[in-house]
Structure formats: C-alpha cells, structure tokens
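Residue numbers (our numbering), protein chains in the order written: chain A, 209 to 360; chain B, 9 to 391.
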C-alpha cells in the first residue's frame, strides 16, 4: 500500500477530499497544496524578506517579527539532492524500513529533508515532488504525502 | 559578547571526580547511581559532604525534584539544590552553573552531578512545538547524522570505512575504561556490520543507558579552608554556552554552533586550538567526531578523517580525541555524559588515566551539543 503513486488531478485541494467512501487527507495540510504538480507552502517575512520552510506559526527567526508579519509563500517542489541516507532501522512503525531520506536544496532557497520515492538517488541529482498515498487506518483513510523522486 | 570573564577574576578548580559506571538499563535506582558517583567524588576530593555548599544536578529524564531524593542520603544538610536540563548537555550545564556559582563568590565548594535513567522515549520538546515539517518522524537523530555523513563524504571524498575508524578508535579507548558501557575492542569489519542509517552502523551509534558522574568544584579559598590537595586540582579556564543562531541555508547547525562556542571558549581561556592535548567531544554518532574536530579548529575542513586514520587523534598521538571511549563506547546516558567528560579530562590532566593516559597532557577540552540546539564547551588546565 505504501508508495502506490497517486495520479492526482485538480480536484485535490488543500486539506481533505472525499473520494467514494474513503477519506483522503494530506499528512501535512499546512505545508502543501495537493495540486499537480504539488506545491509547497512556506512563509516570507514582510519585514526582513526571509523565506522559510516549514512556515512558522509564531514568528520570524531572523528579525523577530510576529506571525502576523509572515505571509504565505509558494515554493516549487523542485531541487537538488545535498545528502542522502537509506534508513534500515527506525524508532517508529512508519515509514516501514528500508526507506530513503534526502536533504534537498529547493530551487526557492530553503533546504529541506524529505522521503525519497522510487529508485536510486545520489548527491547532486535533480529531484521533484510527487504525491504518494498510504492507507493509514482500518477505516481506509488515505494519507497523501509529498515525497521527492529523481527527475527523469 | 558582553560580561567579564569571571573564571579569570576568581579561579575555579575541579577538586574531586566520581562516577557510577555507565551501563545498560537495569534495576539499579537513580538514587543508587547518583549516590555512588557523589560518594566517589567526595572521597576523591577528600572532602566531607557537610562542606559542600550547593548542588546542581544535570538530568533530562528523571522527572521533577530528583536532587534531594539522592543527596539527602548523604545527610540532609539543607543546601540549595537545583536540577539543570539542557538535553544531552545537561551534565555540562550543571558543571557550568557550579563554576559560575563558585566564580561569583557565592559558594566555595559546589557539587555538579549528572544522572539519568531513561524510561522509554527521550520526550524532546522540539517534537511538540506545534511546528509541522515534511519529514515528520522519518528523520530521528541517527538519520540526521547519517545525512551529515553523506554530505561530508561527498564533499571531501571520504569513505564510509574512514568514518568508521572513529568508532574503531573510540571502542579501543573504551575497552580500557572501567566506567564505559562498551568495553570491547572491535575490528573495522565488526563496526561496518549492522547498518542503521546511511553510513552509520550500530557500533557507530552511541548506546543510551544509565549511570552517574559527579565533580566537586572549589575556589582557592575552598581548597585552603578544607586543606584539599592542590596538586590534583585542575583549573577550569573557560565555560561557554551558546545556542543555535540562524545560519545560511544548508549550513550544518551542529558544526556551526560548535565552531562559535569553541571560538568563544578558546578566547575566554586565552589559548589556541593547537594548545589542546586531550578532548572529549559529543561523538554520539561517528561522523560527529570528524565534524567537531574540524569545527573546533584542530584541523582544516575535510582533514579529520585522514588524521583519525593515521593515528594523530589516538592516545599518544598529537592530541587524544575521546580517550574515555567517548559517547560511542563510554556511552551516553544523557544527564551524566557532560559531567563524565569533565571527570575524564581531569583524570587525564592529573596524569591518573592509567593505560589511557595521554602523555604530558596539560590542557583539555570538553564539548557537548544538545537538542534544541545548545552547545557547551569547557576548557581545563593543569596549573
């Protein structure tokens, strides 16, 4: 069930949608728009112009401006791999091992960590965001998450 | 930075050290762990418990109010006692507070104790700050450092075998440390088995067990008044704490924070990195030792792996790095770790480290980082 690739259309939107009897939710609704291609939501400080991801609900770490001074800032889910590690043992049941995580320099500036979808990824390669679905519970709630895959 | 160098104005010394061995989680109570370390430190200092004027306990996992539960068993003298929590650096911060209290002239003899007994998860505060992130729970500490290892190896052309040699050295050092949780010499082949995350294997990750470490801090007046052995007193010449600043995107925070804290400590001590004969760093994962050796200025960026391989950081090399076995072999019971580093550096500077002795060690350093992120560096010197 993990890693079944989601071909999403424009009917997916921020938050959750209903598809038949199953509920589909974004695992990180405040960080993503489930569009095609998916979009990441960071913040930009209107005072010092610093762009950050994830968006901060409290204030700007650079200039100390309060949350009201931070505006939503759309980031392309595209970047270059700075570091990569395949995890063989993990503290939690999810994600199941082995899985791979990467540090990614986003084209928009911020450096993030994310799970890698699909095959081999190396330092220096270009990657892009992809929505991946995972059935979360016995009721069939489908969680949709942003992972990154090598640009083909 | 503002503020005077209180350690220069009023000299502060470590006059006693004591440990309870670090070990796997057991039925031993935290009270037994703590009392054992403190009695040992008092014996080492040759000072009586009623002469101790205040106590700081570094602990992150015991819960509220642990100090008096332990220390009243030595006699309920009614002295001020305070728990200090600074994640992995809790024990370092307990030492920092004890030094500050003595340097400020409030007390002449103060105890710093580190004790912990993990009871499950570590319960770190950043995880419930209400700030969602994309990687969620997928990146735990060993994966955070596996990613730093990936970047380091790619940037400097270093191999996984070279990184593993940090663990080879530290397991060898730990094998002759009676207080270490891991006391076994390992082969490189053994170290490279059992992958955990990226290049980090099980033996390149520290064990989190239980234990306790204690140091007695005193002023010149305290040494004189209680007729303590001046020849075994080791002076604390720098005690610096910094927290993470805002670095450029992609800069490794652990090393950047270490570089800033180390530079401030060298400045406070009035020394250069090349003056360091022996040091203990936060080698919770093997890659960290390389990052911090470079961040502290022991060598240039990218050089540390080759220096480990050539034996420059061995006991007997130009500078002994993690002679106790470090967190990798001595262990990382959280609260005790930073206090235990001070005990090891003092043992080395006293020339009492036996088979682990770095020859002619006069200046030593102890470094811890903690989740949050915080960094604490102490510099000690044999006068």
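Using N, Cα and C, we set each Cβ at its ideal position, and we do this for glycine too.
Item: Beta-ladder partner(s) of residue 393(B), from DSSP; Value: This structure gives no information on residue 393(B), because the portion of chain B shown stretches from 9 to 391.
Item: Nearest residue (CA-CA) to residue 458(B), options 365(B), 320(B) and 262(B); Value: The question about residue 458(B) has no answer, for chain B in this structure spans 9 to 391.
Item: Cβ neighbour criterion (16 or more within 10 Å) applied to residue 185(B); Value: buried
Item: Same chain only: Cβ atoms within 6 Å of residue 111(B), ignoring 5 sequence neighbours per side; Value: 14, 15, 18 and 20
Item: Below-9 Å beta-carbon distance, residue 339(A) vs any chain B residue; Value: no
Item: Own chain partners of residue 385(B) with C-beta closer than 6 Å, once the 5 adjacent residues on each side are dropped; Value: 248, 269, 270, 273 and 375
Item: Where the alpha helix (DSSP H) containing residue 295(B) begins and where it ends; Value: 294-303
Item: Residue-chain proximity (residue 159(B), chain A), Cβ-Cβ < 9 Å; Value: yes
Item: Residue(s) in a DSSP beta bridge with residue 370(B); Value: In DSSP, residue 370(B) forms no bridge with anything.
Item: Reference residue 38(B); option with closest CA among 284(B), 341(B) and 164(B); Value: 341(B)
Item: Residue-level contact to chain A via CB, residue 65(B), 9 Å cutoff; Value: no
Item: Within 7 Å of chain B by C-beta, residues of the segment 311-332 of chain A in sequence order; Value: 311, 313, 317, 318, 319, 320, 321, 322, 323 and 331
Item: Chain B contact residues for residue 262(A), given Cβ-Cβ distances below 8 Å; Value: 139, 140, 141 and 142
Item: Proximity test, Cβ basis, 9 Å: residue 220(A) and chain B; Value: Reliability of the predicted coordinates at residue 220(A) is poor, the pLDDT of 37 falling under 50, and the value obtained from them is presented with this limitation in mind. Cβ-Cβ to chain B under 9 Å: no for residue 220(A).
Item: Start-to-end residues for the alpha helix (DSSP H) that takes in residue 317(B); Value: 312-317
Item: Inter-stretch contact (C-beta, 8 Å, three-pair minimum) for the segment 279-290 of chain A and the segment 247-259 of chain A; Value: yes
Item: Near-chain A residues of the segment 307-329 of chain B - C-beta to any C-beta below 9 Å; Value: none
Item: Range covered by the alpha helix (DSSP H) that runs through residue 261(A); Value: Here residue 261(A) belongs to no alpha helix (DSSP H), and DSSP marks it neither H nor E.
Item: CA nearest to the CA of residue 318(A), picked from 344(A), 290(A) and 297(A); Value: 290(A)
Item: Minimum length 4: unbroken alpha helix (DSSP H) runs contained in the segment 183-266 of chain B; Value: 196-199 and 228-233
Item: Partners in chain A for residue 295(B), counting only beta-carbon separations shorter than 9 Å; Value: Near residue 295(B) there are no residues of chain A at all, since even the closest Cβ is about 11 Å away, more than 9 Å.
Item: Sufficient close CB pairs (3 or more, under 8 Å) joining the segment 66-78 of chain B to the segment 48-58 of chain B; Value: no
Item: Completely contained alpha helix (DSSP H) runs for the segment 63-97 of chain B, where each covers 4 or more residues; Value: 74-79
Item: Whole-angstrom distance between residue 189(B) and residue 297(A), CA atom to CA atom; Value: 22 Å
Item: Residue interval of the alpha helix (DSSP H) (run including residue 360(B)); Value: Looking at the DSSP string, residue 360(B) is not in any alpha helix (DSSP H), and its letter there is neither H nor E.
Item: Beta-carbon proximity of residue 304(B) to residue 373(B), cut-off 9 Å; Value: yes
Item: Residue-level contact to chain A via CB, residue 146(B), 9 Å cutoff; Value: yes
Item: Beta-carbon gap between residue 300(A) and residue 145(B) smaller than 9 Å; Value: yes
Item: Integer Cβ distance of residue 370(B) from residue 389(B), believed to fall under 8 Å; Value: 7 Å
Item: Given residue 280(B) as reference, the closest of 203(B), 306(B), 257(B) and 141(B) once Cα atoms are compared; Value: 306(B)
Item: Proximity test, Cβ basis, 9 Å: residue 281(A) and chain B; Value: no
Item: Chain B within 9 Å of residue 246(A), Cβ atoms only; Value: no
Item: Proximity of residue 243(A) and residue 350(A) at Cβ, strictly below 9 Å; Value: no
Item: Residue 328(B) versus residue 22(B): straight-line alpha-carbon distance, rounded; Value: 20 Å
Item: Run of the alpha helix (DSSP H) containing residue 334(B), from where it starts to where it stops; Value: 334-337
Item: Range covered by the beta strand (DSSP E) that runs through residue 121(B); Value: 117-124
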